[in-house]
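There are 2 protein chains.
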Amino acid sequence: MIDHESGIPLYLQVADALRKRITTGEIAAGAELLSESEIAAVCGVSREVVRKGLTVLRSEGLIVSVRGRRSAVRRELPVEQVSVVGPARVTARMPTPVERDRFGMVEGVPLLLVRAGGGEMLYPADRVEVCMLSHGAETRGGPR
Amino acid sequence: MIDHESGIPLYLQVADALRKRITTGEIAAGAELLSESEIAAVCGVSREVVRKGLTVLRSEGLIVSVRGRRSAVRRELPVEQVSVVGPARVTARMPTPVERDRFGMVEGVPLLLVRAGGGEMLYPADRVEVCMLSHGAETRGGPR
DNA sequence: GCCCATTTGTCCGTATGTATA
DNA sequence: TTATACATACGGACAAATGGG
C-alpha cells in the first residue's frame, strides 16, 4: 500500500490511495474515513504524514474535516442554475477567507465570477452552474 | 504583529498578515517573501507555523513555492479569451493532480468546466476567461 | 563543472487544546 | 463525565533543489 522506498513522499502516497478510493466511489459521498490514527497505523506512517495527506484532499475539495469527528467524503450539493443573457465573461478563483465565510463554503471549493452588464456576481462553484445564453440565441452550434 | 494570547491560531495570523500585504500590493506580484526562517524569527513563532500559514496562501493561489527558493507572490498571467457560441454551462472545481500536471497549473488555481454543444472543455482559471458574445460571435482562441 | 550556503520539503516525535459523541 | 478524534504548536533531523562564486 505505502512504499517507504519509492521516493514518492509518503503523504502523497496516502493522499493518492485515498483519492482513488474516493473517486471510484469505493468510499461513497458522506462516508467517513478511518481516523487519522487508524490510517497512520494501517499505512505504517506517522499521524502527521496522514494529516498532510488529508490536507491535500481537503484543498482538492474531496473531503471535509470537523474537529472531533472523522473526516468524511464531501457530499454533492444540489446545483442551482444561474442564467445570464447577453455578453458575459466567466472565470473562477479561490475565495478569500471572508468570502468563504460569507457563502458558507468549505475548503477546496472555487468561486465563480460572472461579469455581465457592468456588474460582477460571485457564486460558490459547488452549488451554482452558470448558464450562458446569447441574446435571442438558438440552440445550435457550439464551440469545436 | 502576532498575538500569542488572542486565541487565533498563529499560522492563521501569519497568513492573514501576509495576505493583507499581498492583496494591498505592498508585496508586489513576483516579489519574494522573506525566508520561512526569517518570518519565523520576525513573528516569534516556529518555522512549522510559518509553513502552515504559507500552505494556506498557496491553496488560495496567492503565492507559489519552489524548493530551494523563497516563496513569491503569484504573477498574473495573460488571460486568453475563450468564446462560446450558443448556450453553455460553466462551472469550476479544483483540478486533480493529473489535470494540474497536464495544464501546468500551480496550486490554488481552479479548473473551469465549459459544457457546450454536447462536449466539455477544461481550462485553467488563471489563464482563461469564458466569454459569451451577443451577436455575430466568433470563436477565438482554442482549447489547449 | 564543482563546491557551498541558503532555502524549501519531508518525516518524526511530543505535548496540549478543544470539539464531538 | 469520559473517551475519541481532530487542531495547534514546538522541536529536531535530514533530504533535495537553487543560486552564487
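Chains as they are written, first to last, in the working numbering: chain G, -17 to 126; chain Y, -17 to 126.
Cβ coordinates follow ideal geometry from the N, Cα and C atoms, glycine included.
**OP:** Determine the burial state of G/M114: buried for a count of at least 16 other Cβ atoms within 10 Å of its Cβ, exposed for fewer.
**Re:** It counts as buried.
Original post:
Rounded to a whole number of angstroms, what is the C-alpha to C-alpha distance between G/I127 and Y/G12?
Top reply: Because chain G in this structure spans residues -17 to 126, residue 127 of chain G falls outside the shown range and cannot be described.
**OP:** Could you tell me whether the Cβ atoms of G/V110 and G/E42 are closer together than 8 Å?
**Re:** Judged by beta-carbon spacing, G/E42 lies beyond the 8 Å limit of G/V110, meaning their Cβ atoms are not closer than that value.
Original post:
If you count every other CB in all the chains shown that lies within 10 Å of the CB of Y/E30, and 16 or more means buried, which is it?
Top reply: Around the Cβ of Y/E30, a 10 Å sphere holds fewer than 16 other Cβ atoms; the residue is exposed.
Original post:
If you check the beta carbons only, do G/F85 and G/P60 fall under 8 Å apart?
Top reply: No, the Cβ-Cβ distance between G/F85 and G/P60 is not below 8 Å.
Original post:
Under 8 Å, do Y/L93 and Y/R75 count as touching if we go by C-beta distance?
Top reply: Contact annotation: Y/L93 and Y/R75 have beta-carbon atoms nearer than 8 Å.
Original post:
Are any of the Cβ atoms in chain G nearer than 8 Å to that of Y/A74?
Top reply: Y/A74 counts as touching chain G.
Original post:
Between the C-alpha atoms of G/A10 and G/V55, what's the straight-line distance to the nearest angstrom?
Top reply: If you take the alpha carbons of G/A10 and G/V55, they lie about 7 Å apart.
**OP:** Give a yes or no on whether the minimum CB-CB distance between Y/G43 and chain G is below 8 Å.
**Re:** Closer than 8 Å to some Cβ of chain G, the Cβ of Y/G43 qualifies, so yes.
**OP:** Please state whether DSSP places Y/G35 in a helix, a strand or coil.
**Re:** Residue state, collapsed to three classes: helix.
Original post:
Does DSSP put G/I21 in a helix, in a strand, or in coil?
Top reply: Three-state result, G/I21: helix.
Original post:
Shorter than 8 Å from the beta carbon of G/P60 to some beta carbon of chain Y?
Top reply: Among the CB atoms of chain Y, none fall inside 8 Å of the CB of G/P60.
**OP:** Could you tell me whether any Cβ in chain G is nearer than 8 Å to the Cβ of Y/G68?
**Re:** Judged by the 8 Å Cβ criterion, Y/G68 is in contact with chain G.
Subject >> the segment 93 to 119 of chain G: positions lying closer than 7 Å to chain Y by Cβ >> reply: Listed by position, the residues of the segment 93 to 119 of chain G near chain Y (Cβ gap below 7 Å) are L94, A107, E111, V112, C113, M114, L115, S116, H117, A119.
**OP:** Let me know if G/G50 comes out buried or exposed under the rule of 16 or more other beta-carbons within 10 Å of its beta-carbon.
**Re:** Exposed, since its Cβ has fewer than 16 Cβ neighbours within 10 Å.
Original post:
Tell me, which residues are paired with Y/R75 by DSSP?
Top reply: Its beta-bridge partners are Y/L93.
Original post:
Under the three-state reduction of DSSP, which class applies to G/S(-12): helix, strand or coil?
Top reply: Under the three-state reduction of DSSP output, G/S(-12) falls in the coil class, being neither helix nor strand.
Original post:
Under 8 Å between the Cβ atoms of Y/L104 and Y/E81?
Top reply: In this structure, Y/E81 lies closer than 8 Å to Y/L104 by Cβ.
**OP:** Excluding the 5 residues preceding and the 5 following Y/A119 in the sequence, name in chain order all residues of the same chain whose CB lies nearer than 7 Å to its CB.
**Re:** Low confidence applies here, because Y/A119 scores a pLDDT of 42, under 50, leaving its location unreliable and the question unanswered by this model.
Original post:
Mapping DSSP to helix, strand and coil, what is G/V13?
Top reply: One detail in the question is off: residue 13 of chain G reads as Ala in this sequence, not Val. Correct three-state label for G/A13: coil.
Subject >> Simplified DSSP state of G/V61, which is helix, strand or coil >> reply: DSSP, read as helix, strand or coil, puts G/V61 in coil.
Original post:
Under a CB-based cut-off of 8 Å, is Y/G90 close to chain G?
Top reply: It does: the Cβ of Y/G90 has a partner Cβ on chain G nearer than 8 Å.
**OP:** Could you tell me which of Y/E18, Y/A23, Y/G99 sits nearest to Y/P69, measuring between CA atoms?
**Re:** Minimum Cα-Cα distance from Y/P69 among the listed residues Y/E18, Y/A23, Y/G99 corresponds to Y/G99.
**OP:** Buried or exposed for G/V27, please, with buried defined as at least 16 other CB atoms from any protein chain shown within 10 angstroms of its CB.
**Re:** The residue is buried, with at least 16 neighbouring Cβ atoms inside 10 Å.
**OP:** For Y/D83, count neighbouring Cβ atoms within 10 angstroms of its own Cβ and tell me buried if that reaches 16, exposed if not.
**Re:** Exposed: under 16 other Cβ atoms inside 10 Å.
Original post:
Using a Cβ-Cβ cut-off of 7 Å (strictly less than) and excluding sequence neighbours within five positions of Y/L39, which residues of its own chain qualify?
Top reply: Correct list, in chain order: A(-3), L0, R1, I45.
Original post:
Comparing the C-beta of G/G123 with each C-beta of chain Y, is any distance below 8 Å?
Top reply: Residue placement at G/G123 cannot be trusted, given a pLDDT of 33 that sits under 50; what the coordinates show is reported in the next sentence. At least one beta carbon of chain Y lies nearer than 8 Å to the beta carbon of G/G123.
Original post:
What do you get for Y/K6, buried or exposed, if any count of 16 or more other CB atoms within 10 angstroms of its CB means buried?
Top reply: Looking at the sequence provided, one finds Thr at residue 6 of chain Y rather than Lys. So Y/T6 ends up on the exposed side.
**OP:** Give a yes or no on whether the minimum CB-CB distance between Y/R33 and chain G is below 8 Å.
**Re:** So no, Y/R33 is outside the interface.
Original post:
What residue from G/R57, G/G101, G/E20, G/G35 has the CA that sits closest to G/P(-9)'s CA?
Top reply: Comparing Cα-Cα distances from G/P(-9) to each of G/R57, G/G101, G/E20, G/G35, the minimum goes to G/G35.
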